[in-house]
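Presented below is the structure to which this report refers.
Protein chains: 2
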Amino acid sequence: MKDNDIYKHQLTSHILESVHLSQAEIDIVSSKFEVRSVKKREFILEPGQVSKHMRFIANGSMRVYLLDENSHEHTLQLGIENWWVNDLLSFLTQSPSRMYVQAVENSTIVQIHRVNIEMLYEKIPAISDFFRQKAQNAYVALQKRTLENLSVDSYQRYINFITDYKEFERRFPQYIIASYLGMAPEFLSHLRKKNSKDLS
Amino acid sequence: MKDNDIYKHQLTSHILESVHLSQAEIDIVSSKFEVRSVKKREFILEPGQVSKHMRFIANGSMRVYLLDENSHEHTLQLGIENWWVNDLLSFLTQSPSRMYVQAVENSTIVQIHRVNIEMLYEKIPAISDFFRQKAQNAYVALQKRTLENLSVDSYQRYINFITDYKEFERRFPQYIIASYLGMAPEFLSHLRKKNSKDLS
DNA sequence: CGAAAATTTGACATGACTCAACTGGAGTGG
DNA sequence: CCACTCCAGTTGAGTCATGTCAAATTTTCG
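Top to bottom, those sequences are chains A and B. Under our numbering, think of the first position of the first sequence as 7, with each following residue one higher. Under our numbering, think of the first position of the second sequence as 7, with each following residue one higher.
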């Protein structure tokens, strides 16, 4: 229980960075979230399931990916501490997901059920405001990625990635990074070799 | 003035599809928006400028794009009636844009200044709620596009595009669609030829 | 009608993928 | 704690998809 409080406190601190809440509101919000720990490689969502929760990573790392018809993995999202992770399409429409959401490291997540978050939207407008800001920022970040995919070549995209997300390069295996950048893992390996030559 | 009222009514109807507002609230919202008409090829945002407005297309069509270092255009967003169009990064951070936002057809937009929308967020929580929903849906749509770019080949991406957005194929020139799909216009032309053969 | 822009077409170049073999390191069980 | 296995990562060869360039054709618009 003590541990859970720490994680919930991490969540509310995170929310308070963006919007103001009274202590009473903090308590209500906190009471509607639940803490859950997830083992490395464990799935918290698999294709066919409906996403019922918004999830905040308190600790560890996760990824969202799917398989195409050739069984190739494509990574939609990577996340570490203080990031939100979900298949938002499945969550918003309550339809079966095509995604895997998987722990990359042992992780702790803090989650809220759909019914409860909708209750919070009604009772506490600041929560709606918070998720508006989150969604707008996530949209902007995804636009940046979309534009890079359209306008930057693979080598430069890799360089930008390791520059912008140093942390991610250490914590996610190469084949996952390749599938995030939209290239074959062997090709990423070639780019890494080129990069180490460029540096020397 | 009569015309303006029609366009504002179109906007408020659009908002009311997602959230509830009292008549008094509708009047406040309506009073903070302004109607503006834009000629074909005219820019409402250019690189270096800061986006000061959220903009709703009442009529016509627009696109958001940028130029890379080889002066190639890359289209981030296409929009027609009842779509919102902006460089959200520039708008949210009030920093200079890298984007062009241009009318593709003669268009009418209904826009609200940043200062006024923030006032509405405070006074009328349903407006924050509305834009939360819009941002979440836009994020989901952009994820879909990201996944298609990662996992579907060019030909199929073109087929999916003309299937999902019939309207767009009619109203936007090929070179813009090519720059949206992430391919050279000549290559799109090859795909179109292949498609017409496949159909016969 | 004429000029400019968009699209088509085809030849060629190249970036990125596939496949297969090899290397090295991490995890597991005896 | 060693030995073994397995999986991630590397390397290189061959191939394919897509881009580039240039010229011809069609469409748009003043």
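Here a beta-carbon is modelled for each residue, glycine too, at the ideal position from N, C-alpha and C.
Beta bridge counterpart(s) of residue i as assigned by DSSP
i: Q55/A; result: Answer by DSSP bridge pairing: none, since Q55/A is not bridged.
i: T114/B; result: S43/B, N65/B
i: L73/B; result: E79/B
i: A109/B; result: M68/B
i: F49/B; result: Q108/B
Span of the beta strand (DSSP E) around residue i
i: L82/A; result: 79-86
Where residue i sits in the DSSP three-state scheme
i: L156/A; result: helix
i: H119/A; result: strand
i: I130/B; result: coil
i: M125/B; result: helix
i: V91/B; result: strand
i: F178/B; result: coil
Contact list for residue i against chain A, beta-carbon separation under 7 Å
i: L98/B; result: Q142, V146
i: D74/B; result: S157
i: Y127/B; result: D135
Residue interval of the alpha helix (DSSP H) (run including residue i)
i: H196/A; result: 191-205
i: Q29/B; result: 29-38
Where residue i meets chain A, residues with beta-carbon distance less than 8 Å
i: P131/B; result: P131, S134, D135
i: L94/B; result: Q142, Y145, V146, Q149
i: H20/B; result: Chain A residues near H20/B: none, gap ~17 Å exceeds 8 Å.
Proximal residues of chain B, C-beta to C-beta of residue i below 8 Å
i: H80/A; result: L153, L156, S157
i: R120/A; result: None at all; the shortest Cβ gap to chain B is about 13 Å.
i: G188/A; result: N155, L156
Neighbour list for residue i in chain B, Cβ cutoff strictly below 7 Å
i: R138/A; result: S134, F137, R138, A141
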